[in-house]
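Participant: Chains as they are written, first to last, in the working numbering: chain E, 1 to 381; chain V, 382 to 600.
1. Please say whether residue 92 (chain E) and residue 138 (chain E) have beta carbons closer to each other than 8 Å?
2. Please state if the CB of residue 233 (chain E) and the CB of residue 259 (chain E) are separated by a distance shorter than 8 Å.
3. Give me, in chain order, the residues of the same chain whose beta-carbon lies closer than 8 Å to that of residue 193 (chain E); leave out the 5 immediate sequence neighbours on both sides.
4. Would residue 449 (chain V) be called buried (16 or more neighbouring beta carbons within 10 Å of its own) or exposed?
5. In three-state terms, what does DSSP make of residue 386 (chain V)?
6. Threshold first: 3 residues or longer. Then list the beta strand (DSSP E) segments lying entirely within the segment 181-246 of chain E, N to C.
7. Hey, residue 287 (chain E) and residue 377 (chain E): beta-carbon distance below 8 Å or not?
8. Between the alpha carbons of residue 555 (chain V) and residue 525 (chain V), how many angstroms are there, rounded?
9. So is residue 138 (chain E) in contact with chain V if we call contact Cβ pairs under 8 Å?
10. With H, G and I counted as helix, E and B as strand and the rest as coil, what does DSSP make of residue 176 (chain E)?
11. What residue ranges within the segment 267-332 of chain E form continuous beta strand (DSSP E) runs of no fewer than 3 residues, ordered along the chain?
12. How many angstroms separate the CA atom of residue 567 (chain V) from the CA atom of residue 587 (chain V)?
13. With distances taken Cα to Cα, identify the nearest neighbour of residue 443 (chain V) among V:452, V:532, V:564, V:418.
14. Please list, in chain order, the residues of the segment 556-582 of chain V that have any C-beta partner in chain E closer than 9 Å.
15. Pull the bridge partners of residue 370 (chain E) from the DSSP assignment, please.
16. According to DSSP, is residue 82 (chain E) part of a helix, a strand, or is it coil?
17. Can you confirm whether the segment 484-497 of chain V touches the segment 527-540 of chain V when touching is taken to mean that 3 or more C-beta pairs between the two stretches lie within less than 8 Å?
18. Return the residue from the list E:305, E:370, E:235 that minimises the CA-CA distance to residue 341 (chain E).
19. For chain V, is any of its Cβ atoms less than 8 Å away from the one on residue 206 (chain E)?
20. Buried or exposed: where does residue 350 (chain E) fall if 16 or more other Cβ atoms within 10 Å of its Cβ makes it buried?
21. Using a Cβ-Cβ cut-off of less than 8 Å, list which residues of the segment 217-229 of chain E approach chain V; keep chain order.
22. Candidates V:543, V:389, V:508, V:470: which alpha carbon is nearest residue 410 (chain V)'s?
23. Look up residue 124 (chain E) in the DSSP assignment and say whether it is helix, strand or coil.
24. Could you say which of E:116, E:220, E:215 lies nearest to residue 175 (chain E) if we only look at CA atoms?
25. Using C-beta distances below 6 Å, list every residue in its chain close to residue 265 (chain E), excluding the 5 sequence neighbours before and after it, in chain order.
26. At a Cβ cut of 9 Å, what residues of the segment 391-404 of chain V count as close to chain E, listed as they run along the chain?
27. Using a C-beta cutoff of 8 Å, does residue 542 (chain V) count as contacting chain E?
28. Name the residue from E:338, E:345, E:369 whose alpha carbon lies nearest to the alpha carbon of residue 362 (chain E).
29. At the level of alpha carbons, what is the spacing between residue 549 (chain V) and residue 574 (chain V)?
30. Would you mind telling me which residues of chain V sit closer than 7 Å to residue 214 (chain E), beta carbon to beta carbon, in chain order?
31. Between V:570, V:565, V:431, V:542, which has its C-alpha nearest residue 222 (chain E)'s C-alpha?
32. Counting only Cβ-Cβ distances shorter than 9 Å, please list the residues of the segment 467-491 of chain V near chain E, keeping chain order.
33. In the DSSP output, what is residue 157 (chain E) paired with across the bridge?
34. Determine the chain E residues that contact residue 450 (chain V) at a beta-carbon separation under 9 Å, and present them in chain order.
35. If you reduce the DSSP assignment to three classes, tell me which class residue 468 (chain V) lands in.
36. DSSP on residue 135 (chain E), reduced to helix/strand/coil?
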């Protein structure tokens with residue numbers, strides 16, 4: 001075997017690693033070029049083909065690694081997606097497999113096996129972009145494990161109970177064949193708990209006490225400073241009567257509570273005029289608070305408006321994948337109007353460190369005349 | 382014509398005592414919404430004799446992107462009446478040209494509603510729940526009383542603003558019929574004025590409300 005055949009065979013040897021082949025190519029390449037004859041030229045061509053192949057393989061491997069890395073990063077970054085939440089909640093109330101937990105069966109027609117339905121709930125996986133609080137709340141009603149809370153906690157109207165579908169007393173009764181809606185434990189009707197739960201995952205229009213207009217206006221009256229004179233527009237009065245949609249009612253009101261107590265009440269000296277409006281658009285309702293004459297501070301040294309700390313950060317986390325939020329305001333320092341996009345379909349949350357992407361601040365042309373909070377509540381469609 | 386979209390025919394027959402054929406002249410119950418979402422407006426546009434849509438809240442659409450809200454929006458844009466029913470709904474709530482109610486209530490009162498529709502060529506959704514318009518007005522008054530009187534009893538100067546505001550909101554939220562429009566405006570304007578002037582006399586407020594209520598109670 002001459003040296004060229006030997007080199008050629010060696011390069012084709014599959015047991016040589018990629019880097020060993022490359023090293024070999026480097027060592028012999030110059031020698032071959034120096035002593036180039038016909039045979040040497042052939043083997044040089046062969047080596048180039050092998051090298052090109054190796055480079056192609058390497059490029060593909062790198063590309064695949066990069067894709068994997070990107071996917072991994074992507075998977076660890078949630079994107080604000082209220083519609084995903086809506087879909088998630090919708091099926092728990094409407095899909096045949098899940099709806100019977102909140103939907104009283106007509107025993108003349110419906111035969112429901114609650115135990116098998118509870119088993120199927122265990123297999124349900126959390127949609128990735130959903131707010132973790134929404135998922136935990138839902139899970140707490142059905143299951144008791146590391147991914148659920150011990151009790152069912154409803155923020156507003158405030159209610160806490162241990163009586164859930166995973167409660168031993170409830171399960172014992174279900175196993176005896178008693179319909180969940182007929183279970184009474186220590187004088188508490190489980191049907192009442194169910195009713196509270198279903199009004200915590202949906203603004204419903206079938207109960208005066210829990211209708212959006214009643215709940216919302218009561219919440220404002222009870223939590224807004226009495227020094228602020230709130231006025232509801234005619235659009236609010238008309239549209240709020242029929243607002244119905246699936247939503248994490250808990251986190252919705254946690255966010256409203258923060259806006260009222262930390263911003264509107266604290267800065268009431270700037271203005272005590274508050275206009276509350278509700279527009280009915282094709283895909284969403286647009287709820288707005290307009291504090292006439294209010295303004296927002298944006299000192300050059302402050303990073304507050306980035307929305308990554310303090311109340312801003314808390315509010316954005318409450319409302320991540322619940323509602324969109326945008327604030328329009330004149331800045332106190334230069335009176336220039338701006339909009340602050342706090343939550344929209346480009347907002348991201350990294351799962352590992354629970355960090356949100358920054359607010360996006362854009363200048364506006366026209367003076368706002370105050371501070372306007374614009375909250376987009378998505379409809380079921 | 383009334384279009385009933387019910388996918389639980391067994392329930393319909395049981396709750397109606399097999400009477401569905403008695404309504405054939407004004408009610409159509411065999412049509413199925415078996416189109417894609419983009420064709421939904423055309424589907425309802427093509428029902429030229431449509432007056433009322435009655436839809437089961439968890440109706441199984443062929444295209445699972447369609448929701449009952451999509452149907453509601455289309456029907457309301459066509460200026461037609463919309464009825465949404467479900468076994469999971471607690472109470473009937475009547476709005477502008479629409480109503481949500483329990484399936485039991487719907488089927489119990491469908492006969493009465495249809496008789497009225499057939500005779501008067503007018504679809505008064507109130508008849509799906511109440512025997513007369515007056516009964517419905519009294520029902521609203523009663524709900525208002527239940528909401529505001531327990532608050533007024535608790536009145537003191539410290540909670541005065543809250544109670545006046547709650548009363549204003551309750552008047553707005555509970556008196557929804559157009560018959561109340563003028564009286565409601567007068568009453569809420571009066572309360573607004575008192576809030577602005579910080580002049581809180583709950584006895585006068587109570588009298589104002591009673592005066593308005595008695596007008597409808599004695600009808």
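Glycine residues also receive a C-beta, built at the ideal position from the N, C-alpha and C atoms.
Facilitator: On the basis of the supplied data:
1. Residue 138 (chain E) is a Cβ neighbour of residue 92 (chain E), given a cutoff of 8 Å.
2. no
3. So the qualifying residues of the chain are 152, 161, 163, 164.
4. buried
5. Note: residue 386 (chain V) maps to strand in three-state DSSP.
6. Qualifying beta strand (DSSP E) stretches, in chain order: 229-232.
7. yes
8. 6 Å
9. No, its Cβ sits nowhere closer than 8 Å to a Cβ of chain V.
10. coil
11. 273-280, 284-292, 324-330
12. Computed Cα separation, rounded: 14 Å.
13. When each option's Cα is compared against that of residue 443 (chain V), the closest is V:418.
14. 557, 573, 576, 577
15. E:292
16. helix
17. No: the two stretches stay apart, fewer than three of their Cβ pairs being nearer than 8 Å.
18. When C-alpha distances from residue 341 (chain E) are compared across E:305, E:370, E:235, the shortest belongs to E:305.
19. yes
20. exposed
21. 217, 218, 221, 222, 226, 229
22. V:389
23. coil
24. E:116
25. 225
26. So the list reads 391, 392, 395, 396, given in the order they occur along the chain.
27. yes
28. E:338
29. 11 Å
30. 554
31. V:542
32. 467, 468, 469, 470, 471, 472, 473, 474, 476, 477, 479, 481, 482, 483, 484, 485
33. Per DSSP, none; premise fails for residue 157 (chain E).
34. 244, 245, 379, 380, 381
35. coil
36. helix
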